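Trainee: Counting with our numbering, you get residues 2 to 449 for the letters of the sequence shown.
Have a look at this one before I ask anything.
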Amino acid sequence: MQHSGASADAQYIKMAQTPVARLILTLAVPTIISMLATSIYNTADTYFVSRLGTSASGAVGIVFALMAFYQAVGFMCGQGSGSFVSRLYGEKKPEDAKVYGNSAFLMSMILGLCISILGMLFLEPLLRILGSTKTILPYAKQYAVWILLAGPFLSASCTLNNLLRYEGRAFYAMIGLTTGGLLNIAGDPLFMFGLGFGAAGAGISTALSQIVSFLILLFTFFTDRTVMEFSPSYISRAAKIYTSVIRVGSPSLLRQGLNALSTILLNRAAMQYGDAAIAAMSIVGRLAFLMGAIGIGIGQGLQPVASFNYGAGKYDRVKKGTYFTAAAGTAVLTALGLVMFSFARPIITWFRDDPEVIAIGTDALRWQCFASMFQTISMTGNMLFQSIGKARQAFFLASLRTGLFFIPLILILPQVFGVTGIEIAQPVSDILTAAVSVIIAGRFLRRL
Numbered sequence: 002m003q004h005s006g007a008s009a010d011a012q013y014i015k016m017a018q019t020p021v022a023r024l025i026l027t028l029a030v031p032t033i034i035s036m037l038a039t040s041i042y043n044t045a046d047t048y049f050v051s052r053l054g055t056s057a058s059g060a061v062g063i064v065f066a067l068m069a070f071y072q073a074v075g076f077m078c079g080q081g082s083g084s085f086v087s088r089l090y091g092e093k094k095p096e097d098a099k100v101y102g103n104s105a106f107l108m109s110m111i112l113g114l115c116i117s118i119l120g121m122l123f124l125e126p127l128l129r130i131l132g133s134t135k136t137i138l139p140y141a142k143q144y145a146v147w148i149l150l151a152g153p154f155l156s157a158s159c160t161l162n163n164l165l166r167y168e169g170r171a172f173y174a175m176i177g178l179t180t181g182g183l184l185n186i187a188g189d190p191l192f193m194f195g196l197g198f199g200a201a202g203a204g205i206s207t208a209l210s211q212i213v214s215f216l217i218l219l220f221t222f223f224t225d226r227t228v229m230e231f232s233p234s235y236i237s238r239a240a241k242i243y244t245s246v247i248r249v250g251s252p253s254l255l256r257q258g259l260n261a262l263s264t265i266l267l268n269r270a271a272m273q274y275g276d277a278a279i280a281a282m283s284i285v286g287r288l289a290f291l292m293g294a295i296g297i298g299i300g301q302g303l304q305p306v307a308s309f310n311y312g313a314g315k316y317d318r319v320k321k322g323t324y325f326t327a328a329a330g331t332a333v334l335t336a337l338g339l340v341m342f343s344f345a346r347p348i349i350t351w352f353r354d355d356p357e358v359i360a361i362g363t364d365a366l367r368w369q370c371f372a373s374m375f376q377t378i379s380m381t382g383n384m385l386f387q388s389i390g391k392a393r394q395a396f397f398l399a400s401l402r403t404g405l406f407f408i409p410l411i412l413i414l415p416q417v418f419g420v421t422g423i424e425i426a427q428p429v430s431d432i433l434t435a436a437v438s439v440i441i442a443g444r445f446l447r448r449l
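Following this line, the structure appears as structure tokens:
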């Protein structure tokens, strides 16, 4: 059955002929709103759980690393298949695109379920590995159980979100994610304080919001609004489909997996300075994610434009889109970073009034604000290569920010500079990653 409301020819004209800057902004704005909604409800969890105390506040950072595993497999499946889907649309092969989309959706659900089963079986040792102290552990366990139950839906939502974006339907992705985010913000105080569930209430609220987001995103594909459609008949039994998705999606898996690993190492480095240091870095991490969400949203506006036009052989549009995305994202994040730098102390105080948390968090946030102007540059290069199927370059760039640069920095700098080393590890990594990305992406664009 063909979807009458989503003409493949009309979509081709839109993606191949709309002025590049306008097209990217059209696709980026809903994506930015989606990313902000996700970031805000994570920040809301941090705010409300912080009302329970410094140890409870630290639990959010621990569980955030756990959620990163689900996001890793979801983005791998979504961006791996989305790159093929968009390029196949550009080549006018929508039936082949549906095979990739359906197969990747099933794979994300199965992988998410595997993570949940293993997490339930080894919950306490897992939370200790993630950086939980003895005082943080009880709060982390209450929160994490619900995240594990809803985890497969989170993975699948990430896949559906990316399929919608790569098709150029970012608006519908925004609706699903924003609705879930608003539900979580409303649900946190209800379940935590109104019903008296404490830290478990934050987990219940997050789990319910993720399930609702999943259902809304899935419903979109059954309402005649997309070229993509879901049917068991499109699920492939060919191993090469799944290996191709994993190959192209591996930079996302690596990037999200390294995010989880970097959070673990950050938590463990902060352990020697007590729960206050873990809580402070957890708060700064959510705020940095809030700033980064805007840069990521702008970058994700480039992805369907780059992949579609690369598949259609319109390389000049790929180059124009890349330069515009890097410039626009840098300008926006620089402005936002200056504002947050100026109000760093009251922002941290809003979350937690512990003097030690405020001292560490203020310095760390200011360092992160300084580095924010470099994030879009590295993100643009990474997303460009992944979108057009250049897995090797995308894989390398994805490994830098939270891997090849950050891991040695978080291990070495605290030994030299103490708690300041923890605060500056990520900003230094951001600057180094941007420098390498400019060299590699610039060389490719000149050849293109």
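The C-beta atom is built at its ideal place from N, Cα and C for all residues, glycine as well.
All figures in this text were calculated on a predicted structure; none of them were measured in a lab.
Applying the 10 Å Cβ sphere with the 16-neighbour rule, what's the burial state of residue 20?
Mentor: Translated into positions along the sequence shown, residue 20 becomes position 19. Result: exposed.
Trainee: Assign residue 232 to one of two classes, buried (16 or more other C-beta atoms within 10 Å of its C-beta) or exposed (fewer than that).
Mentor: As a position in the sequence shown, residue 232 is number 231, starting the count at 1. The residue in question, residue 232, is exposed, as its Cβ has fewer than 16 Cβ neighbours within 10 Å.
Trainee: Leaving out five residues on either side along the sequence, give the residues of the same chain with a beta carbon under 8 Å from the beta carbon of residue 263.
Mentor: Against the sequence shown, residue 263 aligns to sequence position 262. Same-chain partners within the cutoff: 403, 404, 407, 408, 411 and 427.
Trainee: Within the same chain, show all residues whose beta-carbon is closer than 8 Å to that of residue 321, passing over the 5 residues directly before and after it, in chain order.
Mentor: Position 320 of the sequence shown, counting from 1, holds the residue named residue 321. Correct list, in chain order: 21 and 22.
Trainee: By Cβ distance, which residues of its chain are closer than 7 Å to residue 415, with the 5 residues on each side in sequence left out?
Mentor: The count along the sequence shown starts at 1 and reaches residue 415 at position 414. Correct list, in chain order: 270, 422 and 423.
Trainee: Can you tell me whether residue 225 is buried or exposed, with buried defined as 16 or more other CB within 10 angstroms of its CB?
Mentor: Reading the sequence shown from its first residue, position 224 is the one you call residue 225. The residue in question, residue 225, is exposed, as its Cβ has fewer than 16 Cβ neighbours within 10 Å.
Trainee: Would you mind working out which of 311, 377 and 436 sits nearest residue 1, comparing C-alpha positions?
Mentor: Residue 1 is absent from the structure shown; the chain starts at 2 and stops at 449.
Trainee: In whole angstroms, what is the alpha-carbon distance linking residue 431 and residue 342?
Mentor: On the sequence shown, position 430 is the one that residue 431 refers to. On the sequence shown, position 341 is the one that residue 342 refers to. C-alpha separation (whole angstroms): 17 Å.
Trainee: Comparing C-alpha positions only, which one of 180, 82 and 107 sits nearest to residue 37?
Mentor: If you number the sequence shown from 1, residue 37 lands on position 36. The candidate whose alpha carbon is nearest that of residue 37 is 180.
Trainee: Do the segment 281-295 and the segment 367-384 touch if we need at least three Cβ pairs shorter than 8 Å?
Mentor: Yes: at least three Cβ pairs fall under 8 Å.
Trainee: Put residue 225 into one of helix, strand or coil per three-state DSSP.
Mentor: In the sequence shown, residue 225 corresponds to position 224, counting from 1. Coil at residue 225, not helix or strand.
Trainee: Just to check, is the beta-carbon of residue 415 closer than 7 Å to a non-hydrogen atom of the ligand FAD?
Mentor: Absence of the ligand FAD is noted for the structure shown, with no ligands found whatsoever.
Trainee: Between the C-alpha atoms of residue 207 and residue 186, what's the straight-line distance to the nearest angstrom?
Mentor: Position 206 of the sequence shown, counting from 1, holds the residue named residue 207. Position 185 of the sequence shown, counting from 1, holds the residue named residue 186. Distance between the alpha carbons of residue 207 and residue 186 is about 9 Å.
Trainee: With a threshold of 6 Å on Cβ separation, who are the neighbours of residue 46 within its own chain once the five nearest residues in sequence on each side are excluded?
Mentor: On the sequence shown, residue 46 is found 45 positions in, with the first residue counted as 1. Answer for residue 46: 61 and 203, listed in chain order.
Trainee: With residue 191 as the anchor, note down where its alpha helix (DSSP H) starts and where it stops.
Mentor: Residue 191 sits at position 190 when you count from the first residue of the sequence shown. Careful: residue 191 lies outside any alpha helix (DSSP H) and carries neither H nor E.
Trainee: Would residue 148 count as contacting chain C if we go by Cβ distances under 8 Å?
Mentor: The chain inventory of the structure shown lacks chain C, comprising one protein chain alone.
Trainee: Taking the alpha helix (DSSP H) that residue 62 falls in, what are its first and last residues?
Mentor: Taking the first residue of the sequence shown as position 1, residue 62 is located at position 61. 55-91 is the extent of the alpha helix (DSSP H) around residue 62.
Trainee: When burial is assigned at 16 or more other CB atoms within 10 Å of the CB, is residue 153 buried or exposed?
Mentor: Within the sequence shown, numbered from 1, the residue matching residue 153 stands at position 152. Its Cβ being crowded by 16 or more others within 10 Å, residue 153 is buried.
Trainee: Determine the direct distance from the alpha carbon of residue 392 to that of residue 237, and round the result to whole angstroms.
Mentor: Here residue 237 corresponds to residue number 236 of the sequence shown, with the count starting at 1. Here residue 392 corresponds to residue number 391 of the sequence shown, with the count starting at 1. Answer to the nearest angstrom: the Cα atoms are 22 Å apart.
Trainee: What number of angstroms, rounded off, separates the C-alpha of residue 178 from the C-alpha of residue 158?
Mentor: Within the sequence shown, residue 178 is the residue found at index 177, counting from 1. Within the sequence shown, residue 158 is the residue found at index 157, counting from 1. Computed Cα separation, rounded: 9 Å.
Trainee: Alpha carbons only, please: which of 314, 76, 201 and 250 is nearest the one belonging to residue 156?
Mentor: Stepping through the sequence shown from its first residue, residue 156 is reached at position 155. Out of 314, 76, 201 and 250, 76 has the C-alpha closest to the C-alpha of residue 156.
Trainee: Per DSSP, what kind of secondary structure is residue 321 in: helix, strand or coil?
Mentor: Working through the sequence shown from its first residue, we reach residue 321 at position 320. Reduced to three states, the DSSP call for residue 321 is helix.
Trainee: Excluding the 5 residues preceding and the 5 following residue 49 in the sequence, name in chain order all residues of the same chain whose CB lies nearer than 7 Å to its CB.
Mentor: Looking up residue 49 in the sequence shown gives position 48. Correct list, in chain order: 189, 190, 193 and 203.
Trainee: On the three-state DSSP scale, how would you describe residue 160?
Mentor: As a first step, residue 160 is located in the sequence shown; it is residue number 159 there, counting from the start. DSSP places residue 160 in helix when its eight states are reduced to three.
Trainee: Excluding the five sequence neighbours on either side, which residues of its own chain have a C-beta within less than 6 Å of the C-beta of residue 131, listed in chain order?
Mentor: As a working mapping, residue 131 is identified with position 130 in the sequence shown. The answer, listed in chain order, is 63, 66 and 265.
Trainee: Using a 10 Å radius around the Cβ and a threshold of 16 neighbouring Cβ atoms, would you call residue 113 buried or exposed?
Mentor: For this step, residue 113 is matched to residue 112 along the sequence shown. Residue 113 should be labelled buried.
Trainee: Just to check my reading of the structure: residue 83 and residue 163 have Cβ atoms closer than 8 Å, yes? What is that Cβ distance to the nearest angstrom?
Mentor: The residue labelled residue 83 in the question sits at position 82 within the sequence shown. The residue labelled residue 163 in the question sits at position 162 within the sequence shown. About 5 Å separates the two Cβ atoms, so the contact holds.
Trainee: Taking only three categories from DSSP, how would you classify residue 168?
Mentor: Within the sequence shown, the letter at position 167 stands for residue 168. Coil.
Trainee: Could you tell me whether the segment 101-112 touches the segment 236-251, where touching means 3 or more Cβ pairs closer than 8 Å?
Mentor: With the cut-off at 8 Å, the segment 101-112 and the segment 236-251 touch.
Trainee: Assuming residue 323 and residue 446 form a contact by the criterion Cβ under 8 Å, report the distance between their Cβ atoms to the nearest whole angstrom.
Mentor: Stepping through the sequence shown from its first residue, residue 323 is reached at position 322. Stepping through the sequence shown from its first residue, residue 446 is reached at position 445. Rounded, the Cβ-Cβ distance is 6 Å, consistent with contact.
Trainee: Would you report the Cα separation of residue 146 and residue 314, rounded to the nearest angstrom?
Mentor: Looking up residue 146 in the sequence shown gives position 145. Looking up residue 314 in the sequence shown gives position 313. Near 48 Å, if we compare the C-alpha coordinates of residue 314 and residue 146.
Trainee: Going by beta carbon distance, what residues of the same chain come within less than 8 Å of residue 5, once the five residues before and after it are set aside?
Mentor: In the sequence shown, counting from the first residue as 1, residue 5 sits at position 4. The predicted position of residue 5 is uncertain, since its pLDDT is 42 and thus under 50; a value taken from the coordinates is nonetheless stated next. For residue 5, where only same-chain residues beyond five positions count, the Cβ hits under 8 Å are 225.
Trainee: Are three or more beta carbon pairs between the segment 347-358 and the segment 277-287 nearer than 8 Å?
Mentor: Enough Cβ pairs lie closer than 8 Å, so yes.
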